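In this note's numbering, the protein residues as written are 81 to 231.
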């Protein structure tokens, strides 16, 4: 139940944060926090990573849902057998982040992104993320590097 709790916690935390951002932040306005290391801004990502596929939002939502369903199936299969904690943690992070972004795509029609890094490289400074993005990345890396296999 702990791994499912982690996935659910990520989803719920992101739901709360994204709802606050939607209500309290004006798109295009920027707030600097953590001594300038982070920039808080509201951005509606209508595609996938870096807005890829923004003109094909239906397909992006379908693909997101299908991939999330696949992750859920792997997560359920892994929960029935003994295995690596690293693998299960990775799957939980991946599932929580994927569910959050998929929910946004299906419910809102876009993913709410809300922070950037306050760095000098403009190309990186322009990219807007959410916590789910990092959960997906970290989860995929953990699961892939754990060398666990589903039997």
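Quick reminder that beta carbons are idealized off the backbone N, C-alpha and C, glycines included. All values derive from a computational prediction rather than experimental measurement.
Which residue wins for smallest C-alpha separation from residue 130, given the options 82, 116, 223, 196? 196
If you measure from the beta carbon of residue 212 to each beta carbon in chain C, is any gap under 8 Å? Within the model displayed, chain C is absent; a lone protein chain is all it includes.
Reducing DSSP to helix, strand and coil, say where residue 194 ends up. strand
Excluding sequence positions up to five away, which residues of its chain have a Cβ less than 6 Å from the Cβ of residue 111? 120
Bridge-paired residues (DSSP) for residue 169: Residue 169 pairs with nothing; no bridge assigned.
Whether residue 212 touches residue 181 by CB criterion (8 Å): yes
Helix or strand or just coil, what does DSSP make of residue 100? helix
Give the DSSP bridge partners of residue 125, in chain order. 191
To the nearest whole angstrom, what separates the beta carbons of residue 198 and residue 116, a pair I think is in contact under 8 Å? 4 Å
Rounded C-beta distance between residue 127 and residue 140? I'm assuming under 8 Å. 6 Å
Can you check which of these residues, 107, 163, 188, 136, is closest to residue 122 by C-alpha distance? 107
Kindly indicate which three-state DSSP category residue 111 falls into: helix, strand or coil? strand
Am I right that residue 152 and residue 175 are in contact with their C-beta atoms under 8 Å? What's the rounded C-beta distance? 6 Å
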